[in-house]
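First the structure, in the form of structure tokens, and then the observations on it.
Protein chains: 2
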Amino acid sequence: MRCAPTSETKALSETKSPIRRFSGFRWEDTDLLAYKDEGSAPFKAITRQTLFRRSDLHGELRYFEMAPGGYSTLERHEHVHAVLILRGAGECLVGGEVHKISTNDLVTIEPMTWHQFRANAGVPMGFLCMVNAERDKPQLPSEEERRVLEADPKVAAFLKG
Amino acid sequence: MRCAPTSETKALSETKSPIRRFSGFRWEDTDLLAYKDEGSAPFKAITRQTLFRRSDLHGELRYFEMAPGGYSTLERHEHVHAVLILRGAGECLVGGEVHKISTNDLVTIEPMTWHQFRANAGVPMGFLCMVNAERDKPQLPSEEERRVLEADPKVAAFLKG
């Protein structure tokens, strides 16, 4: 899998047709990007495609996809995540609860709620995520905050993968 | 099919679980709404579900679904539509061009561009549409504007259905 590490803005603004065709969970004129900078936070086997981002849209729509066994960063932030599972199944941690999720389910991540997505059902899992264009940066848990989460055996098992 | 005609705000704010399960192109705790008020504009066999709308989100994510033969209103507005086809196939008019569209294709509706979606492929067609929470009202074409669009035989055939 190839990932373009840098700005998708150029590709989006150069798009001429109003239609971007879908094929194999890729979209025309839409770069396959690294999820985050390597080493900036823990994550595994996850990519990002920015489907809609432009200055006259106040929301952004991104598509994240994890290979089987992949996971997003355990993090929290002030901004809300509005998620629709577009492909496959897996689980997510939202606050102190682990939830099974399947294609087309909706997930609301409230402000400052610890969350992580895991493709732990043996299939790729991809999801749309709408966020505010202007938003704060994610926060990683401290050792103490992680210990508090792991006090629940179900959460500990989820985080262990 | 039952459509609740009124405010979906109550249902959304009362949602307790972060997960809203999908089943048969309906979502838990999410009302099936009329597309628009009857008689306010031309449309046919189309419903609306507001998937994400809340005061701390600057975008809204809605799901519109047309039965076979259904269509949205031919209209334009200053705000952008960011669309992902979630179900089925059909066609859309964007400006002066008719495009075939299929599941997971993306459609960008630029400001003040005439547009209409039609489930004219014999199957239901449903699409996600992200918009700004604050946006202008749609405009309908004048008779003259409609004549200009219909001067293209392909557009005329599309609009005739």
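Those protein sequence lines, which keep their order, are chains A and B. Each residue of the first sequence is one higher than the last, beginning at 12 in our numbering. Each residue of the second sequence is one higher than the last, beginning at 12 in our numbering. Glycine included, each C-beta is placed from N, C-alpha and C at the ideal position. Note that this is a predicted model, so its numbers are computed, not measured.
The three-state reading of DSSP puts residue 78 (chain B) in strand, counting E and B together.
Just so you know, the alpha carbons of residue 167 (chain A) and residue 161 (chain A) end up roughly 4 Å apart. Approximately 14 Å separates the beta-carbon atoms of residue 109 (chain B) and residue 120 (chain B); this is outside 8 Å, ruling out the contact. Within 7 Å of the CB of residue 88 (chain B), no CB atom of chain A is found; the nearest one sits about 12 Å away.
Here the alpha carbons of residue 132 (chain B) and residue 130 (chain A) stand approximately 34 Å from one another.
Taking a Cβ-Cβ cut-off of 8 Å, the neighbours of residue 141 (chain A) in chain B comprise 63, 68, 70, 72 and 141, given in sequence order. The beta carbon of residue 134 (chain A) is closer than 7 Å to those of 79, 99 and 100 in its chain, skipping five residues each way along the sequence.
As for any alpha helix (DSSP H) of minimum length 4 sitting wholly inside the region 38 to 92 of chain B, there is none. Under the DSSP definition of a beta bridge, residue 111 (chain A) partners with A:102. Membership of residue 159 (chain A) in any beta strand (DSSP E) is not indicated; the residue belongs instead to the alpha helix (DSSP H) covering 154 to 161. Cβ contact annotation for residue 112 (chain B) (same chain, cutoff 7 Å, sequence separation greater than five): 96, 100, 101, 102, 103 and 118, in chain order. Counting only the Cα atoms, residue 169 (chain A) lies some 35 Å from residue 142 (chain B).
Against residue 144 (chain B), the close residues of chain A are 69 and 70, in the order they occur along the chain (beta-carbon pairs closer than 9 Å). Residue 49 (chain B) and residue 81 (chain B) have their C-alpha atoms roughly 15 Å apart. Taking a cut-off of 8 Å on C-beta distances, the region 66 to 76 of chain B touches the region 143 to 161 of chain A, as three or more cross pairs fall below it. Residue 57 (chain B) is outside the set of residues whose beta carbon lies under 8 Å from a beta carbon in chain A. The three-state secondary structure of residue 128 (chain A), taken from DSSP, is strand.
Looking only at B:33, B:40 and B:36, the smallest Cα-Cα distance to residue 27 (chain B) is reached by B:40. Per DSSP, residue 117 (chain B) is one residue of the beta strand (DSSP E) stretching across 117 to 120. Buried is the label assigned to residue 136 (chain A), since at least 16 other Cβ atoms lie within 10 Å of its Cβ.
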